[in-house]
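Participant: This is the structure I have questions about; it appears just below.
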Amino acid sequence: MGRYSALRVLTEGLKGQTGWGPAWRSVRPKPRYDVIIVGGGGHGLATAYYLAKKHGVTNVAVLEAGWIGGGNTGRNTTIVRSNYYYPQSIALYDLSVKLYEKLSVDLNYNVMFSQRGMIISAHSRHDMENAERLVRGMQINGLDVRMMDRAEIAARVPALDCSPNARFPVWGGFCQDRAGPARHDAVVWGYARAADSLGVDIVQNCRVTGFRKNETGRIIGVETSLGDIACDKAAIVVAGHSSELGRAAGFELPITSYALQAFVTEPIKPTLDVVSWSLATGVYISQSDKGGLVFGGALDLYPSYAQRGNLPIGNQVIGAIADLYPSFGRVRLLRHWAGIVDVVHDSSPIIGESPVPGLYMNCGWGTGGFKAIPAGGLLLAHHLATGQPHPIAEPFQLNRFHTGALIDEAAGAGIAH
Ligand SMILES: Cc1cc2nc3c(=O)[nH]c(=O)nc-3n(C[C@H](O)[C@H](O)[C@H](O)COP(=O)(O)OP(=O)(O)OC[C@H]3O[C@@H](n4cnc5c(N)ncnc54)[C@H](O)[C@@H]3O)c2cc1C
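Residue numbers (numbering that gives the first Met the number 0): 0 to 416.
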């Protein structure tokens with residue numbers, strides 16, 4: 000398929016665009032692989048890519064029930080940041096931000112990572128106390144966050160109502176300057192193209208329905224809608240459907256699945272050049288390169304696999320956006336949608352071995368796994384290839400629910416779930 004470059008764009012233009020091939024092959028699965036990755040979202044494709052690139056394991060298949068990126072990776076609001084609370088989380092998410100910073104070059108695919116910064120506004124004395132506590136905790140762990148006063152926030156986010164009579168008066172806040180959105184489809188397509196070019200088979204429309212084990216209980220293959228496929232190792236990387244596949248393999252996971260909604264307006268002229276997040280309401284907003292205002296907020300209230308989202312949360316999120324940014328109240332809403340996210344009981348992901356020998360997992364990213372795609376893929380690939388967890392992934396093993404060493408980011412960082 001050749002490398003993408005400015006010169007190639009020019010020469011293809013002169014040749015009438017006749018030389019572009021498909022970005023990845025369309026393949027039928029082989030009877031056997033060294034590693035099968037179940038799930039062709041960002042994390043599954045990144046795992047396959049790093050297995051091939053960093054460990055030379057190329058006899059790998061990614062089996063995707065629908066089309067690649069049709070899950071949460073294609074449905075999210077694309078915010079990349081590492082402003083979590085605990086040192087273990089900061090090590091994980093900041094590794095990911097660093098990988099994102101070089102991803103376009105690494106994949107030879109422009110993932111449009113725009114480090115425009117993220118500003119979190121505080122709307123009461125209690126919010127300010129919380130912000131101070133979070134920022135000091137993050138700074139101790141080496142993160143690039145800083146407090147901001149109201150004047151600085153008003154200058155950076157003119158659309159935010161910073162007047163004294165605002166429904167949510169702004170007291171101040173904090174920011175991470177290296178945070179920002181990336182293009183979700185490009186992340187999927189970039190990893191798919193790069194993994195394919197290293198020999199990985201990407202098989203779409205192939206649903207995994209069960210797992211085959213030998214007499215000792217070790218994984219020897221998967222059952223799929225295209226027939227059985229043998230493997231030495233397999234990994235479940237299916238976001239909101241992890242519990243389902245865990246059950247098919249014979250174990251329960253400490254996960255509850257919810258719908259998470261997102262919203263986008265009609266495109267308008269450039270008006271918001273940061274990601275703006277409000278502590279009091281939990282809603283956040285950014286402007287896409289196309290001009291649409293992309294926003295979201297809390298999880299739906301009850302567990303569900305219905306991928307559409309319910310009205311009360313929609314009303315709450317849209318209401319908060321209109322209160323916080325009054326001028327946006329006049330912009331027309333274009334679309335809204337939902338994805339099913341798997342929330343682990345301590346709000347931190349699981350990356351590593353499952354209770355079934357030979358079967359691994361990367362799941363439980365809840366509302367925040369887009370930012371973690373490069374790190375999640377890199378760390379799971381390390382474990383699959385070496386048999387040992389990477390030091391950064393060590394605290395995120397499933398056995399933390401036996402040892403009690405939980406990483407409670409819901410309480411720590413106060414993230415949406
Ligand atoms: C509305 C919304 C907003 C979000 N906003 C953000 C954000 O701003 N920042 C952030 O960091 N994160 C965000 N997230 C979370 C983020 O999208 C996810 O954590 C991340 O995309 C998960 O990636 P993944 O590769 O694990 O899952 P997915 O992209 O969902 O991929 C899993 C794939 O597995 C496939 N699959 C399922 N079952 C099977 C099976 N039996 N056989 C084969 N394949 C199967 C699915 O079809 C799917 O394509 C948001 C999520 C949503 C829903």
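Glycine included, C-beta positions come from ideal geometry on N, C-alpha and C. All of these numbers come straight from a predicted model, not from anything done at the bench.
1. Please report how far the alpha carbon of residue 99 lies from the alpha carbon of residue 21, in whole angstroms.
2. Within 10 angstroms of its Cβ, does residue 419 collect 16 or more other Cβ (buried), or is it exposed?
3. Using CA coordinates, which residue listed in 41, 6, 4 is at the minimum distance from residue 236?
4. Say the cut is 7 Å; is the CB of residue 337 nearer than that to a heavy atom of ligand 1?
5. Check residue 416 in the structure and name its three-state DSSP category.
6. Would you mind giving the Cβ-Cβ distance between residue 130 and residue 278, rounded to the nearest angstrom? I have them listed as a contact below 8 Å.
7. In terms of alpha-carbon separation, which member of 368, 240, 333 lies closest to residue 305?
8. Just the Cα atoms here: how many angstroms apart are residue 151 and residue 316?
9. Could you work out which residue in 213, 122, 400, 192 is closest to residue 172 when comparing CA atoms only?
10. Do the CB positions of residue 259 and residue 366 come within less than 8 Å of each other?
11. Does the Cβ-Cβ distance between residue 223 and residue 62 come in under 8 Å?
12. Do you know whose CA, among 198, 314, 14, lies nearest residue 44's CA?
13. In the DSSP assignment, find the unbroken alpha helix (DSSP H) run with residue 336 in it and report its ends.
14. Which same chain residues end up closer than 6 Å to residue 348 when comparing Cβ atoms and leaving out the 5 residues on each side of it in sequence?
15. Please list, in chain order, all residues of the same chain as residue 110 whose beta carbon is under 7 Å from its beta carbon, the five residues on each side excluded.
16. On a CA-only basis, which of 281, 308, 275, 375 is nearest residue 157? Give me that one, please.
17. Using DSSP's beta-bridge definition, name the partner residues of residue 36.
18. If contacts are defined as beta-carbon pairs under 8 Å, then residue 234 and residue 219 qualify, I think. What distance do you get, rounded to the angstrom?
19. Which class does residue 175 belong to by DSSP, given the choice of helix, strand or coil?
20. Given the structure, does residue 270 come close to ligand 1, in the sense that its CB is under 7 Å from one of the ligand's heavy atoms?
21. Can you list, in chain order, the residues of its chain whose CB lies under 8 Å from that of residue 30, leaving out five sequence neighbours each side?
22. Quick one: which unbroken beta strand (DSSP E) runs of 3-plus residues sit fully inside the segment 276–322? Chain order, please.
23. Determine the burial state of residue 0: buried for a count of at least 16 other Cβ atoms within 10 Å of its Cβ, exposed for fewer.
24. How about residue 237: is its Cβ closer than 7 Å to a heavy atom in ligand 1?
25. Please check the pair residue 290 and residue 267, which I expect to be a contact at CB under 8 Å, by giving their CB distance rounded to whole angstroms.
26. Cutting at 7 Å between CB atoms, please list the residues of its own chain near residue 143, excluding the five before and the five after it.
27. Let me know the secondary structure DSSP gives residue 270 once reduced to three states.
28. Confirm the yes/no value for this check: CB of residue 313, any heavy atom of ligand 1, distance under 7 Å.
29. Answer yes or no: do residue 166 and residue 64 have a C-beta to C-beta separation smaller than 8 Å?
30. Excluding the five sequence neighbours on either side, which residues of its own chain have a C-beta within less than 8 Å of the C-beta of residue 327, listed in chain order?
31. Residue 52 by DSSP, collapsed to three states: which one?
32. For a test of your reading of the model: does the CB of residue 63 fall under 7 Å from any non-hydrogen atom of ligand 1? Yes or no.
33. So the candidates are 108, 286, 356, 179; which of them puts its Cα closest to the Cα of residue 330?
34. What residue does the alpha helix (DSSP H) around residue 410 start on, and which one ends it?
35. Quick one: grab the DSSP three-state call for residue 2.
36. Hey, residue 357 and residue 217: beta-carbon distance below 8 Å or not?
Facilitator: Concretely, from the data shown:
1. 24 Å
2. The shown model of the chain, from 0 to 416, leaves out residue 419, and the question about it has no answer.
3. 41
4. yes
5. Only weak support exists for where residue 416 lies, its pLDDT of 47 falling under 50; the value from the coordinates is given anyway. Coil.
6. 7 Å
7. 240
8. 25 Å
9. 122
10. yes
11. yes
12. 198
13. Run containing residue 336: none in the alpha helix (DSSP H); it sits in the beta strand (DSSP E), 332–343.
14. 363, 364, 395
15. 102, 103, 181, 182, 185, 186, 189
16. 275
17. 61, 234
18. The pair is not a contact, with the Cβ atoms about 15 Å apart (cut-off 8 Å).
19. strand
20. no
21. 228, 229
22. 283–286, 292–298
23. exposed
24. yes
25. 5 Å
26. 175, 176, 177
27. coil
28. no
29. no
30. 158, 264, 284, 292, 320, 321
31. helix
32. yes
33. 286
34. 408–411
35. coil
36. yes
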